[in-house]
Amino acid sequence: MKGSLSISSGLLIGSAALAFTSIIGAFEPQYEYCTLATKPCTLITVPSWYANIPKNAKMIPGSGLTRTIASILGASLCGCAALFSSRGLKELEIPQLDQATNKLLEEEELEKVAIASKMRVEDFRRELNDGYAYLHLERNPHLVEELTKVPKPESALEHSRIDQESPVIEAALLTVETKIPQAIQMILDSDLKQIVDAGIINLVGAQGSGKSTTSCMMLRYRVWRSHRLVIVNPHKRKSMYRGLEAHLEPGTTFYGVGMGDEGRATSLMNGLEKVLALIGKRYDEYQHLDENQYNHYPITILLEECAEYDGLLSIFNRPPNKATGDEGFSAKKYLTNFWKKLFIASRKGNCFVIRTIQSDTNTTNGTEGLAELIKSSGACTLTQFSVPDGECIGGWRSTGEGEIKIPNQKYFDSEGNTLDANPVKVPTYWDYATAIKDVTDFSDLIPPSIEPVSLPEPQPENPEDLWERAIEHLKRSFATDTNTKSTPFPPKSGEVPDTKNHLETVETKVFKGEQRYTPDSLSREELLTKIRSMLSCGDSQTKIIENLWKVEKNRSGWKQAYKEFKELNL
Numbered sequence: 001m002k003g004s005l006s007i008s009s010g011l012l013i014g015s016a017a018l019a020f021t022s023i024i025g026a027f028e029p030q031y032e033y034c035t036l037a038t039k040p041c042t043l044i045t046v047p048s049w050y051a052n053i054p055k056n057a058k059m060i061p062g063s064g065l066t067r068t069i070a071s072i073l074g075a076s077l078c079g080c081a082a083l084f085s086s087r088g089l090k091e092l093e094i095p096q097l098d099q100a101t102n103k104l105l106e107e108e109e110l111e112k113v114a115i116a117s118k119m120r121v122e123d124f125r126r127e128l129n130d131g132y133a134y135l136h137l138e139r140n141p142h143l144v145e146e147l148t149k150v151p152k153p154e155s156a157l158e159h160s161r162i163d164q165e166s167p168v169i170e171a172a173l174l175t176v177e178t179k180i181p182q183a184i185q186m187i188l189d190s191d192l193k194q195i196v197d198a199g200i201i202n203l204v205g206a207q208g209s210g211k212s213t214t215s216c217m218m219l220r221y222r223v224w225r226s227h228r229l230v231i232v233n234p235h236k237r238k239s240m241y242r243g244l245e246a247h248l249e250p251g252t253t254f255y256g257v258g259m260g261d262e263g264r265a266t267s268l269m270n271g272l273e274k275v276l277a278l279i280g281k282r283y284d285e286y287q288h289l290d291e292n293q294y295n296h297y298p299i300t301i302l303l304e305e306c307a308e309y310d311g312l313l314s315i316f317n318r319p320p321n322k323a324t325g326d327e328g329f330s331a332k333k334y335l336t337n338f339w340k341k342l343f344i345a346s347r348k349g350n351c352f353v354i355r356t357i358q359s360d361t362n363t364t365n366g367t368e369g370l371a372e373l374i375k376s377s378g379a380c381t382l383t384q385f386s387v388p389d390g391e392c393i394g395g396w397r398s399t400g401e402g403e404i405k406i407p408n409q410k411y412f413d414s415e416g417n418t419l420d421a422n423p424v425k426v427p428t429y430w431d432y433a434t435a436i437k438d439v440t441d442f443s444d445l446i447p448p449s450i451e452p453v454s455l456p457e458p459q460p461e462n463p464e465d466l467w468e469r470a471i472e473h474l475k476r477s478f479a480t481d482t483n484t485k486s487t488p489f490p491p492k493s494g495e496v497p498d499t500k501n502h503l504e505t506v507e508t509k510v511f512k513g514e515q516r517y518t519p520d521s522l523s524r525e526e527l528l529t530k531i532r533s534m535l536s537c538g539d540s541q542t543k544i545i546e547n548l549w550k551v552e553k554n555r556s557g558w559k560q561a562y563k564e565f566k567e568l569n570l
C-alpha cells in the first residue's frame, strides 16, 4: 500500500522535472555575435533563419530533440504515476472494507446468539414443566398404578358406574377442564391473548378506538380469574361497571366520580391515595412478614383516561408557604411520584395495572421521564386505531386493528423484516355484542366456579395411551404462570414442608405423545435443532418455512405453516 503511493510520488517528481526540461532552451539553432554599433559591443542572439547574419557570428546548437524526448518521457511518467496512485488507493480501501465486513459479521453472530439463547430459555421452561409433573408423580407413586391400570372390558357397558371412575384421573382432568364463558373465550381466541395476563398493560388510542371496550373485557377476564378490582375513571357514566360492586377491593368504590370539577378531583385524589396505600401496605407485608402470614390475592387496578389526571388535580395546586409550614401542592410532581411508585412496587404486591390514555407521551401524562420508566417496568402496550364515522357516537369508529408491543420482544413480517410492533386484530364492541349485550354491564357475572366435566364412558384403552394423556393433563395443570401466586406441592404425611427451590433436584425428561410438526412429523426438539442449523447458515424465515414445511409462499398450506412456525415462539 505505502510502496505504490511512494512510487507514484517519485514518478510525479520525475515527470515534473522532465516537463521543466522540455521548456528550457531554444528549439532551433541560434547565432550569437557582437555588434560594433555600440561601445562596448552588445551581444546579440538571432534565430537561424535571420537574413543578415554576420560571418563572425557563433552558432549555438538547438535543444529541440532533447525537449521532445523530455516531454514524451514526462507524459509517460505522469501516466505511470496515475496508475500507481490508483493502485495505492485501492489498497487503502481494502482494509476499510474488511473492517466493515467484520463488523457486520460480528453483529450477525450476536443476533444469532441472542436467538439461540431465547430458544434455550424456551427449552428450559418446557423442561421445567415436565420436571414438575414428574416430581408430582414421584411424590405420589400410587398415581402411576392408577394411571396405568387397564379397565375391565365389561366396565364399558356399565353406564351407571361413571361416577365411580378413577378419582386420580378425574382430579387430573378437573384441574384443567373448566367451563369458559363465551365472552372470555372470545378474548382467548383473539390476538389479545398474548397480553391479557400481563402485569402492566397500556391501552393507547384516539377517541373511539375502543380503549374502554377493551379495558371492560379485560376486567371481565380478570374477575373470571378471581381478581379483586380497584377502578379509577373520571369518565365513568352512571350505568358503567354495574355488577362489579361485589368484586371491588373491600373498602373501595368507583373513583373519579363527583359533582363538578372539584368533586371529581377530590374523588380522583382519594382513588390515587387508596392505590398508593394498598401497594404500600402489601409492599411492607412482602418485606417484613413470612409468606404464610399474609394473603396477597391478585388485584387489578384500572386507571382510565390518565391524561385527565393532571388537569383535574391542578385545581389543588398551591405554592409552598414557609410561614405556615405548608409545603404546597403540584399536580405534576404528585403524578410523577405516583407513577414511579405504581410501576416499581405494584408487582411485589401482586397488583396488576391497566391504563388507558390517548397518547402515551410525557406531555399527555403530565409527567417527566415516564416513557423510560414504563419501558423499564415491562409494561405491554396495545395501540388501537379509529376512523371518522358520523353514525357513531362522537364521530369516531374503531377499525378493529391495533399494534402490540411487548418489552424485549422483536417482531418480523412474513418477509423477515423487523417491525416496531406486532400488528393484531382487536375485537370491537360489535364483535363482543354477539356474546354479551353491553360490555360495560357486568350484571351477568357470578363468582367463578369449576364445573365438573362429564367423563366419557370407560372404554378399554392401551395403557400407554392412557399414561400419555394423563401426563399431558398434568403438564397443563403445572404450567408456569408468572402472574399468579404459585401453589407448592403438598408434602407427604409426616414431612415438614420445604419451601426451598426444588428446581435443582428436578429431573428433566422428555414426554411421549408430544405435538409433531411439518410433513416429516418432527418433534419440537428436532424442529428447533433444524431451525438453529439453518439460522446459523444465514437462511431467512421464508426459506426455512419453505424447506421444512415443503410449501411455497402464497400457495396453499403457507398460512398454516407460517402459523406453526410462529407458535414456536422464536
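Per the UniProt record's numbering: the sequence shown = residues 1 to 570. Built from N, CA and C at the ideal position, the CB exists for glycine as well.
For residue i: DSSP bridge partner residues
i	result
ILE231	PHE254, LEU302
TYR411	LEU419
ASN321	ASP326
CYS351	ILE299
GLN30	PRO47, ILE60
GLU525	The partner list for GLU525 (beta bridge, DSSP) is empty, contrary to what the question assumes.
LYS425	GLU401
LEU203	THR356, LEU382
Collapsed DSSP secondary structure at residue i in the structure displayed
i	result
ARG222	helix
GLN96	helix
GLY239	Checking the displayed sequence, the identity of residue 239 turns out to be Ser instead of Gly. Three-state DSSP puts SER239 in coil, outside helix and strand.
SER346	coil
ILE44	strand
SER386	strand
CYS78	helix
GLY14	helix
LEU397	Residue identity differs from the one stated: residue 397 is Arg in this sequence, not Leu. Strand, per DSSP.
LEU248	strand
THR35	strand
ASP438	coil
CYS216	helix
SER71	helix
Buried versus exposed call for residue i [16 or more other C-beta atoms within 10 Å across all chains shown]
i	result
LEU289	exposed
GLU111	exposed
HIS502	Caution is warranted here: a pLDDT of 41 is assigned to HIS502, below 50, making its placement in the model unreliable, and no coordinate value can be reported.
SER493	Because SER493 carries a pLDDT of 47, less than 50, the predicted location of this residue cannot be relied on, and the following value inherits that uncertainty. Result: exposed.
TYR221	buried
TYR429	buried
CYS380	buried
GLU304	buried
LYS90	exposed
THR266	buried
TYR297	exposed
Of the listed residues the options, nearest to residue i (C-alpha basis)
i	options	result
LEU244	ILE301, VAL223, GLU146	VAL223
GLU403	ASP413, LYS410, GLY394, GLN384	GLN384
ILE184	ARG347, LEU445, THR35, SER6	LEU445
GLU249	LYS274, ARG225, GLU262	LYS274
ASN408	GLU401, LEU105, GLY416, ASN422	ASN422
ARG355	VAL387, SER212, LYS553	SER212
GLN182	ALA433, ARG120, ASN321, GLN99	ALA433
PHE442	ASP431, ASP284, LEU219, ILE7	LEU219
ALA307	HIS227, THR253, GLN207, ILE393	GLN207
VAL204	GLY256, PHE338, GLU401, SER267	GLU401
PHE20	ARG532, ILE180, ILE72	ILE72
LYS179	SER15, ASP191, ARG225	ARG225
Euclidean distance between Cα positions of residue i and residue j
i	j	result
residue 576	VAL144	This structure leaves residue 576 out entirely; the chain is present only between 1 and 570.
SER454	THR148	Residue placement at SER454 is poorly supported in this model, since its pLDDT is 44, which falls under 50; the coordinates are not used for a value here.
ASP539	LEU522	19 Å
TRP558	GLU564	10 Å
HIS142	LYS530	39 Å
LEU65	SER4	32 Å
ILE544	GLU291	48 Å
PHE124	MET217	33 Å
ALA70	ALA82	18 Å
MET259	GLN541	58 Å
LEU535	GLU108	10 Å
GLY12	LEU18	Note on identity: in this sequence residue 12 is Leu, with Gly being the wrong assignment. When rounded, the distance between both Cα atoms is 10 Å.
ASN202	LYS118	25 Å
CYS392	SER398	10 Å
THR14	GLY88	Reading off the sequence, residue 14 comes out as Gly, not Thr. Using only the alpha carbons, I get a separation of about 18 Å.
GLY251	ASP389	41 Å
SER85	MET59	45 Å
Cβ of residue i within 8 Å of any chain B Cβ
i	result
ALA183	In the structure shown, chain B cannot be found, because there is only a single protein chain.
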